[in-house]
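The sequence shown begins at 5 in our numbering and counts up one residue at a time.
C-beta atoms are modelled at their ideal positions from N, C-alpha and C, and glycine is treated no differently.
Inspection log for the structure reproduced underneath, given as structure tokens.
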Amino acid sequence: MFNRRSLAALAGAAVLALSGALPALAQPVVIKFSHVVAPDTPKGKAALKFKELAEQYTEGKVVVEVYPNSQLYKDKEELEALQLGAVQMLAPSLAKFGPLGVQQFEIFDLPYLMADYDDLRKITDGEVGQSLLGLLDDKGIKGLAYWDNGFKIMSANTPIQVPDDFLGLKMRIQSSKILEAQMQALMAVPQVLAFSEVYQALQTGVVDGTENPPSNMFTQKMHEVQKHATLSNHGYLGYAVIVNKAFWDGLDPALREQLDRAMDESTVYANSIAKEENDWAMDEMRKHGYTQFHELTEDERAEWLEVLRPVHDEMASRIGADLVAKAHEVLGIE
Ligand code: LMR
């Protein structure tokens with residue numbers, strides 16, 4: 005029961021609260037992190053790692069909400085949402101920066117540019133990769149890190165072992181002009197589709213095939229609707245982690261430092277699991293047995309290279325001839 009004294013105390017507290025004299029409970033800063041892949045992929049796992057570390061290092065002053073599988077936005081919409089501030093963080097694939105006006109990122113899409121993760125590191129950690137992140141500033145975006153996924157395989161419902169096999173096939177691509185040129189070099193018909201639409205497009209025959217790292221192919225169940233795949237490793241798919249610049253610059257500097265630490269550590273984590281996640285997905289797809297996988301013979305690989313390498317010169321002016329020349333130099337490509 006309330007007595008006169010406790011009632012007076014309550015009334016006093018109410019007056020203080022109403023007058024704003026009581027310290028307001030600080031609201032956490034919310035970072036909405038939207039992405040289009042499954043949680044059990046290199047990007048999905050790294051986003052959750054960032055959430056864990058960011059919330060730990062800021063002692064809950066920052067809350068990270070991760071929205072996987074295009075739950076919030078599809079490919080193109082998520083970039084618009086970031087610029088409008090409807091979400092704060094994304095990790096789009098490097099093939100999706102063209103519509104932002106920074107098509108230089110499409111250098112990562114050049115077929116047979118990087119042979120493996122060691123080559124990839126030379127680009128992401130070197131002058132080429134770092135200069136690309138700097139280009140985002142003018143777009144109201146800050147580039148924080150590169151997160152790896154993997155090297156792509158081609159899939160379709162007919163065998164695609166040599167370039168001639170692609171003639172007339174409708175192939176889904178991401179929104180990159182380099183990927184468009186790559187499919188045209190194979191005499192296929194490229195079709196841009198949002199990632200969330202690919203499974204159904206393959207299932208219903210809207211497109212015949214696509215290209216993916218094994219992790220994306222497996223976690224979207226695309227292998228269930230593709231009878232053939234070739235382990236061509238002809239190109240790379242990976243990400244840049246980006247934030248809305250006004251949001252990031254407006255953060256308390258101490259908080260930003262803790263978030264930088266969380267990002268650095270989740271980047272190390274992301275890039276340490278990418279290869280094993282893709283190897284695991286490959287093993288799983290082989291076990292499931294829906295798709296017949298073909299390894300390129302040396303002669304077949306030579307045919308792919310002969311058809312696809314000219315895309316470097318053909319598309320150099322779109323990316324920037326100097327940038328392409330720099331990447332070639334770093335990677336020892338003649
Ligand atoms: C795709 O659209 O194929 C990929 O960019 C999806 C992703 O984010 O890995």
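Going by C-alpha distance, which of Lys143, Leu94, Lys146 is nearest serine 74?
Taking the first residue of the sequence shown as 1, we reach residue 74 at position 70. Closest by alpha carbon: Leu94.
Return yes when the C-beta of tyrosine 61 is under 8 Å from any heavy atom of the ligand LMR, and no when it is not.
Along the sequence shown, one-based indexing puts residue 61 at 57. Incorrect: tyrosine 61 has no Cβ contact closer than 8 Å to the ligand LMR.
State the DSSP-derived secondary structure class of glycine 138, mapped to helix, strand or coil.
Counted from its first residue, the sequence shown places residue 138 at position 134. In the structure shown, glycine 138 sits in a helix (DSSP, three-state: H, G or I).
Host beta strand (DSSP E) of glutamine 195 (start-end):
Locating residue 195 in the sequence shown gives position 191, where the first residue counts as 1. Counting along the chain, the beta strand (DSSP E) containing glutamine 195 begins and ends at 193-196.
By the 10 Å Cβ neighbour count, where 16 or more other Cβ atoms means buried, how is threonine 162 classified, buried or exposed?
Your numbering for residue 162 matches position 158 in the sequence shown. Residue burial annotation: threonine 162 is exposed, with fewer than 16 other C-beta atoms found within 10 angstroms of its C-beta.
Beta carbon of aspartate 185: closer than 8 Å to some heavy atom of the ligand LMR?
Start at 1 with the first residue of the sequence shown, and residue 185 comes out as number 181. Before going further, note that residue 185 is alanine rather than aspartate in the sequence given. It does not: the Cβ of alanine 185 is nowhere closer than 8 Å to a heavy atom of the ligand LMR.
Mind checking which residues open and close the beta strand (DSSP E) that includes aspartate 152?
Within the sequence shown, residue 152 is the residue found at index 148, counting from 1. Aspartate 152 -> beta strand (DSSP E) spans 145-155.
Examine the Cβ distances between the region 270-289 and the region 48-59 and report whether three or more of them are shorter than 8 Å.
yes
Start and end of the alpha helix (DSSP H) containing threonine 62?
Mapped onto the sequence shown, residue 62 falls at position 58. Premise fails: threonine 62 is in no alpha helix (DSSP H) and is neither H nor E.
Is any non-hydrogen atom of the ligand LMR found closer than 8 Å to the C-beta of valine 334, if you look at the structure I gave you?
Taking the sequence shown and counting its residues from 1, one reaches residue 334 at position 330. No, Cβ of valine 334 sits at least 8 Å from all heavy atoms of the ligand LMR.
Beta carbon of alanine 99: closer than 8 Å to some heavy atom of the ligand LMR?
Position 95 of the sequence shown, counted from the start, is the residue given in the question as residue 99. Checking the Cβ of alanine 99 against the ligand LMR gives yes.
Might you give, ordered along the chain, the residues of its own chain that have their beta carbon closer than 8 Å to the beta carbon of glutamate 304, omitting 5 neighbours on each side?
Along the sequence shown, one-based indexing puts residue 304 at 300. Correct list, in chain order: Gln165, Val166.
When the Cα atoms are used, what is the spatial distance from tyrosine 116 to leucine 86?
As a position in the sequence shown, residue 116 is number 112, starting the count at 1. As a position in the sequence shown, residue 86 is number 82, starting the count at 1. Straight-line Cα distance between these residues: approximately 31 Å.
Pull up the distance between the alpha-carbon of valine 196 and that of proline 103, whole angstroms please.
Residue numbering aside, residue 196 sits at position 192 when the sequence shown is read from its first letter. Residue numbering aside, residue 103 sits at position 99 when the sequence shown is read from its first letter. The alpha-carbon atoms of valine 196 and proline 103 are separated by roughly 12 Å.
Output the distance between the C-alpha atoms of tryptophan 308 and leucine 255, rounded to the nearest integer angstrom.
For the purposes of this step, residue 308 is identified with residue 304 of the sequence shown, where counting begins at 1. For the purposes of this step, residue 255 is identified with residue 251 of the sequence shown, where counting begins at 1. Those two C-alpha atoms are separated by around 48 Å.
Helix, strand or coil at tyrosine 203 according to DSSP, with G and I counted as helix
Position 199 of the sequence shown, counting from 1, holds the residue named residue 203. DSSP places tyrosine 203 in the helix class (H, G or I) of the three-state scheme.
With a Cβ-Cβ cutoff of 9 Å, do alanine 233 and alanine 160 count as a contact?
The sequence position of residue 233 within the sequence shown is 229, counting from 1. The sequence position of residue 160 within the sequence shown is 156, counting from 1. Their beta carbons are under 9 Å apart, which means alanine 233 touches alanine 160 by this criterion.
Where do the ends of the beta strand (DSSP E) carrying lysine 279 lie?
Locating residue 279 in the sequence shown gives position 275, counting from the first residue. Here lysine 279 belongs to no beta strand (DSSP E); instead the alpha helix (DSSP H) covers 257-292.
Hey, valine 106 and leucine 76: beta-carbon distance below 9 Å or not?
As a first step, residue 106 is located in the sequence shown; it is residue number 102 there, counting from the start. As a first step, residue 76 is located in the sequence shown; it is residue number 72 there, counting from the start. No.
CA-CA distance, alanine 258 and aspartate 264?
The count along the sequence shown starts at 1 and reaches residue 258 at position 254. The count along the sequence shown starts at 1 and reaches residue 264 at position 260. So the two alpha carbons sit approximately 10 Å from each other.
By the DSSP assignment, the beta strand (DSSP E) with threonine 234 in it spans what residues?
Working through the sequence shown from its first residue, we reach residue 234 at position 230. Here the beta strand (DSSP E) through threonine 234 covers 232-235.
Cut-off 8 Å between Cβ atoms - residues of its own chain near histidine 332, not counting five sequence neighbours on either side:
Taking the sequence shown and counting its residues from 1, one reaches residue 332 at position 328. Contacts found: His316, Glu338.
Are the beta-carbon atoms of aspartate 79 and phenylalanine 222 separated by less than 9 Å?
The sequence position of residue 79 within the sequence shown is 75, counting from 1. The sequence position of residue 222 within the sequence shown is 218, counting from 1. Not closer than 9 Å, so no.
Less than 8 Å between the CB of phenylalanine 155 and some heavy atom of the ligand LMR, yes or no?
As a working mapping, residue 155 is identified with position 151 in the sequence shown. Phenylalanine 155 Cβ: outside cutoff for every heavy atom of the ligand LMR.
For the ligand LMR, is there any heavy atom lying closer than 8 Å to the beta carbon of phenylalanine 199?
Translated into the one-based positions of the sequence shown, residue 199 becomes position 195. With a cutoff of 8 Å, phenylalanine 199 counts as near the ligand LMR, since its C-beta is closer than that to a heavy atom of the ligand.
Taking all protein chains shown into account, do 16 or more other C-beta atoms lie within 10 angstroms of the C-beta of isoleucine 323, making it buried, or fewer, making it exposed?
Position 319 of the sequence shown, counted from the start, is the residue given in the question as residue 323. Isoleucine 323 is buried by the Cβ-count criterion.
Between aspartate 79 and the ligand LMR, is the CB less than 8 Å from at least one heavy atom?
Your numbering for residue 79 matches position 75 in the sequence shown. At least one heavy atom of the ligand LMR is nearer than 8 Å to the Cβ of aspartate 79, so yes.
Is it the case that the CB of valine 40 approaches a heavy atom of the ligand LMR more closely than 8 Å?
Residue numbering aside, residue 40 sits at position 36 when the sequence shown is read from its first letter. Valine 40: yes, Cβ under 8 Å from the ligand LMR.
Sorry if obvious, but does the Cβ on threonine 45 come closer than 8 Å to a heavy atom of the ligand LMR?
Position 41 of the sequence shown holds residue 45. Yes, the ligand LMR has a heavy atom inside 8 Å of this Cβ.
For glycine 64, which residues from the same chain have a beta carbon less than 8 Å from its beta carbon, with the 5 sequence-adjacent residues on both sides left out?
Here residue 64 corresponds to residue number 60 of the sequence shown, with the count starting at 1. Annotation for glycine 64: Pro32 place their beta carbon closer than 8 Å to its own, counting only its chain and skipping 5 residues before and after.
Work out the CA separation of alanine 119 and arginine 125 for me, nearest whole Å.
Working through the sequence shown from its first residue, we reach residue 125 at position 121. Working through the sequence shown from its first residue, we reach residue 119 at position 115. Arginine 125 and alanine 119: Cα-Cα distance of roughly 11 Å.
Opening and closing residue of the beta strand (DSSP E) in which asparagine 248 lies
Against the sequence shown, residue 248 aligns to sequence position 244. Residues 240-248.
Could you work out which residue in Tyr294, Leu312, Asp326 is closest to glutamate 168 when comparing CA atoms only?
As a first step, residue 168 must be located in the sequence shown, where it is residue number 164. The sequence given here has aspartate at residue 168, not glutamate. When each option's Cα is compared against that of aspartate 168, the closest is Leu312.
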